[in-house]
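Trainee: Counting from 1, position 115 in the sequence shown corresponds to residue 954 in this note's numbering; the numbering is continuous, with no gaps.
Ideal placement from N, C-alpha and C gives every residue a C-beta, glycine not left out.
I have a structure here, written as C-alpha cells, and I will follow up with some questions on it.
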Amino acid sequence: MKRLKILVSILVIISASYFLLNSIQLFEENILNGQVVKSDQAGSNKDDSNFDTSESVSINLNIESDGSVLIGAGTGGDKGVSNAGRRLEIFGRVVDRHGQPLDNAMVAEERYFISTRTGSDGKYKLFIAMPNNQYPVLRFLRSGFEDKRIEIDAGVLKQESVLELDVTLDDDLDSISIDGWVGNDIGAGLGGLKIQISSRDKRGMVNVFHTVFSDERGYFTFEGLRSGDLYRLTVLSPPEYLYYVDEAFSVSHNTPQLIIVLESLRFIDIDGMIVNSKAEPIPNFEIYISNISTGTHARKIETDSSGFFSLRKFPAGEVILSTQGPEYFKITGLTLVANEYRNLRLVVDKGDHYLLGWVSDESGVPLAKSLVTLNSEIQAGVIEYLSYRVTGTDNAGNFDFDSVGSGAHLITVEAPGFNRKEIIHRFESQTDKVHITLSRIR
C-alpha cells in the first residue's frame, strides 16, 4: 500500500512536468518479485571511475519520504534501456563504522544517474532498469565520510532481480557537501539540467566523480567533494544558452552556495548567397557553419538552384564555415551580428578552370605517386577565404584539378627523396598545363 502511494505521487509529478514524460519509465510492483541476495560489500571498491559519459539522461527523480525511488533510466540514442532489459531492486542500510545509521546519504547508480537518499534509519531503496548485459555501479556519498564505489558483478547478482546491500562508510573530515542553484541571466531557475563534477587522476585520465540534476527550481546538491581539490564543473546547457564550464572549481568547508548563471544566446536569421571568384552564384553547394563563440552550435548550409541559402535561428557570434570532402573550403574571421548581414555573400574558389600537370625529376623521368596540393587564399577585410585541394600523380607523373576558380594558386609538390617545391600559378586560359621538376635531396 505504501509503495502504491509512492507510485501515485510519481504519476502526479509526471502530470505536472509534461516535458519529462518520455524520460521516465515506471515499473509496477508485480514485476519486481524475485529472490533476495544478501551482500554486505558486493563487488569491488575501486577509486577509479573512468567510464563513457556520452550517454545522456533527461531526468533524475528522487522520492525521499521513505528513502526509496521508483524510476527507469531514460537514455539517449540507441543506448537506451529496452523492454527486454533487467528490472532490479536494490535496498539496504548505510551506517558509520560504529554501526549507527547515516541519514541523507546519497546512493546513486553512476552510469544512469539514478539516485535516492537514505532515511533517518539509514535505509534506502532503488529500482533500476538496465540492459541484460550490464550490472549496477553504485556510489554512496555523504559529507564527513569517505565515498564508496561498489560494482555489482554477475557473480553476485546472477539472474536475480532483488539485492540487499548494506554499506559502511568510513570517516573523512575533508569530505563535504555543497548546495547549488542553476538559472539563467534573468534570474529564473532551470530544472532538469545535468551538472557534472570531474577531475583528473595521476594518469591524466578524466574521472567523472559525480553527476546530479537540478530540480524544478534549479537547486541541486553535490555530496562527497573533498576540500581543497580542484574539479572540472560542467553544465549540459539547453541550446538557447551558452555552454558552461569551470576548469578549476574548488570547494572548502566555508564555500557558500554555488550559483551558476547560464548566459542566454541571441539567435538571428540570415539570408545569403555563395558565389565563385567571378561573383557567379554556385548552386547546390553544401558548407557547414560552426559557432566558435559557443563551441556547440553547428549546422549545414545548402544553396538552392540559384545559389541562395537561408539560415534560421542560429546564435550570433564568431563563426567558421568549412566543407567536407576532397575539395576543402574554409571561411574564417566572420562574426554574425543580429540584423547586420541580411544579404550575406560568401566566396569559394570554384570555377570553370582546369589545371593539367606533369611532375618529373631533373632527367625528365616521371615521378609517380607524388603528392600535389593546390591552395588559394582570398582576403576581404577581416574575412579570409581558403581553399585546399590534394591529389597524387599517376604512373606517368600526371595530375589534374578541375572546377578551379580564377586568381592566384599555390601548387606544392612533394615526393620521397626529392626536395619539396612550391610555385605560384595564375591561370592564363580556361585550361592550363604546367611541368614541375623536382631536384633530388643531396
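Cα-Cα, which of Y951, A947, A968, A944 is closest to R925?
Mentor: That would be A968, whose Cα lies nearest to the Cα of R925.
Trainee: What does a CB cutoff of less than 7 Å around R1065 pick up in its chain, not counting 5 residues either side in sequence?
Mentor: Around R1065: D1013, S1014.
Trainee: Helix, strand or coil: how does DSSP classify G1030 here?
Mentor: If DSSP states are grouped into helix, strand and coil, G1030 belongs with coil.
Trainee: Among V934, N1093, R1071, whose alpha-carbon lies nearest the alpha-carbon of A1087?
Mentor: It is R1071 whose Cα lies nearest to the Cα of A1087.
Trainee: What ranges does the beta strand (DSSP E) occupy inside the segment 1156–1214, keeping only unbroken runs of at least 3 residues that lie completely in it?
Mentor: For the segment 1156–1214, whole beta strand (DSSP E) runs of length 3 or above, ordered along the chain, are 1156–1161, 1166–1175, 1183–1186, 1189–1200.
Trainee: Going by CA-CA distance only, name the one from I1140, Q1035, F984, V1198 that's closest to N1234.
Mentor: For the residues I1140, Q1035, F984, V1198, the minimum Cα distance to N1234 belongs to V1198.
Trainee: With distances taken from CA atoms, which of T1232, F1052, D1011 is nearest W1020?
Mentor: Out of T1232, F1052, D1011, F1052 has the C-alpha closest to the C-alpha of W1020.
Trainee: Nearest to L965 by alpha carbon, out of L1075, I929, S982?
Mentor: Comparing Cα positions, the closest option is I929.
Trainee: Determine the DSSP secondary structure at K844, reduced to helix, strand or coil.
Mentor: For K844, the predicted structure reports a pLDDT of 41, less than 50, and the residue's modelled location is therefore unreliable. A value from the coordinates is still provided. Helix.
Trainee: Reducing DSSP to helix, strand and coil, say where T957 ends up.
Mentor: In this structure, T957 counts as coil in the three-state DSSP scheme.
Trainee: Helix, strand or coil: which one does DSSP assign to T1270?
Mentor: In this structure, T1270 counts as strand in the three-state DSSP scheme.
Trainee: Cα separation between E1141 and Y1227?
Mentor: Taking the straight line joining both Cα atoms gives about 20 Å.
Trainee: Along the chain, where does the beta strand (DSSP E) containing I1128 start, and where does it finish?
Mentor: Unbroken beta strand (DSSP E) run through I1128: 1125–1130.
Trainee: Which word fits R1281, buried or exposed, when buried means at least 16 other C-beta atoms lie within 10 angstroms of its C-beta?
Mentor: Looking at its Cβ environment, which holds fewer than 16 other Cβ atoms inside 10 Å, R1281 is exposed.
Trainee: Could you tell me the boundaries of the beta strand (DSSP E) in which N1023 lies?
Mentor: Counting along the chain, the beta strand (DSSP E) containing N1023 begins and ends at 1014–1023.
Trainee: Near T1232, which residues of its chain fall below 7 Å by C-beta distance, leaving aside the five closest residues on each side in sequence?
Mentor: Once the five neighbours on either side are set aside, the close Cβ partners of T1232 are V1198, L1206, A1207, K1208, S1209, V1211, F1238.
Trainee: Taking Cβ to Cβ, would you say I1121 is nearer than 9 Å to K1189?
Mentor: For I1121 and K1189, yes; Cβs fall inside 9 Å.
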